[in-house]
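A short write-up of the structure that comes next.
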Amino acid sequence: MEDEAEIRGILAAYFVREGWKVDMTSNGIEAFQMYDYKKHDLIILDLKLEGLPGERVCELIREKSKVPVIFLTSKSMETDIINGFNLGADDYVVKPFRVKELVARIKAISRRAAINCEEKLVLLSFDNGSLVVNCSTSEVSVNGQPVQLTTTEFKLLSVLISEPMKVFSRSKLMYQVMGYRFQEDGRSLDVHVKNLRKKIEKDTKNPDYVKTVIGMGYKFAFQADKE
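See below:
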């Protein structure tokens, strides 16, 4: 869903070349009406859409689906980027951009959507069953209540629980979660961690599960429950 016709045409040509089926519109209302969670594997949203802004479209989609969402926009302020991730975006690409980089990001997100946990891990519980992670269905529950994580949030959690108590450096964690190396300061990772904590922690200021190790990175502080 892109607001500029020329960019839509270029993107469509590249995406078709990759073998992807594409639906496009410049109208936010049409974008939401067009979205079909059974058919669409990924959504690219410009924030400056007609009728309904991309931020609101993302909010509406997140109410019914955890389909991967990439924001593609000219809004480059740090506050805009943080807000985008807080709304549930999995990635945020600022114009001007290189199409090949966007395609690489799409492929990275698709990989982490398809393979979220190691194959040997299927159903894991932590903290005497307070936190349950189903790797085969990408479902998470806290105290018996389901919580909806974005693709990136689930990948982040699955990486951390794959090696409990291990401290992951921010750069390594970003690479394993996002699927490619970043040149930025890692602020986007911090936002994803913050949003994950909002969904699984009792107290986000004093988290039980995802701990910050100052000067080093993050770790998951519980071993899996014994069967």
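Counting along the sequence shown from 1, when you hit position 151 you're at 176 in this note's numbering, and nothing is skipped either side.
Using N, Cα and C, we set each Cβ at its ideal position, and we do this for glycine too.
Source: prediction; values computed, not measured.
Buried/exposed call for residue i, threshold 16 Cβ in 10 Å
i           : result
residue 93  : buried
residue 104 : exposed
residue 109 : buried
residue 43  : exposed
residue 220 : buried
residue 80  : buried
residue 213 : buried
residue 84  : exposed
residue 241 : exposed
residue 228 : exposed
residue 38  : exposed
residue 225 : buried
residue 178 : buried
residue 145 : Caution applies to residue 145, whose pLDDT of 48 falls short of 50 and renders its modelled position unreliable; the model cannot decide the point.
residue 169 : exposed
residue 154 : exposed
residue 222 : buried
residue 124 : exposed
residue 239 : exposed
residue 34  : exposed
residue 162 : exposed
residue 136 : exposed
residue 190 : exposed
Reduced DSSP secondary structure (H/G/I, E/B, other) of residue i
i           : result
residue 66  : coil
residue 156 : strand
residue 213 : helix
residue 57  : helix
residue 183 : helix
residue 193 : strand
residue 237 : strand
residue 218 : helix
residue 90  : coil
residue 135 : helix
residue 46  : coil
residue 224 : helix
residue 34  : helix
residue 244 : strand
residue 115 : coil
Residues that residue i bridges to, as DSSP identifies them
i           : result
residue 200 : Beta-bridge pairing links residue 200 to no other residue.
residue 264 : This structure leaves residue 264 out entirely; the chain is present only between 26 and 252.
residue 249 : 151
residue 99  : For residue 99, which the question treats as bridged, DSSP gives no partner whatsoever.
residue 171 : 166
residue 52  : 75
residue 82  : Looking at the DSSP assignment, residue 82 forms no beta bridge with any residue, so it has no partner.
Cβ separation of residue i and residue j, assumed to be a contact under 8 Å, to the nearest whole Å
i           : j           : result
residue 156 : residue 147 : With 8 Å as the limit, residue 156 and residue 147 do not qualify as a contact, their Cβ atoms being about 15 Å apart.
residue 70  : residue 96  : 6 Å
residue 236 : residue 246 : 5 Å
residue 36  : residue 56  : No, residue 36 and residue 56 are not in contact; Cβ-Cβ is about 14 Å, not under 8 Å.
residue 134 : residue 115 : 6 Å
residue 22  : residue 202 : Because the chain spans 26 through 252 in this model, residue 22 falls outside it and cannot be assessed.
residue 127 : residue 118 : 6 Å
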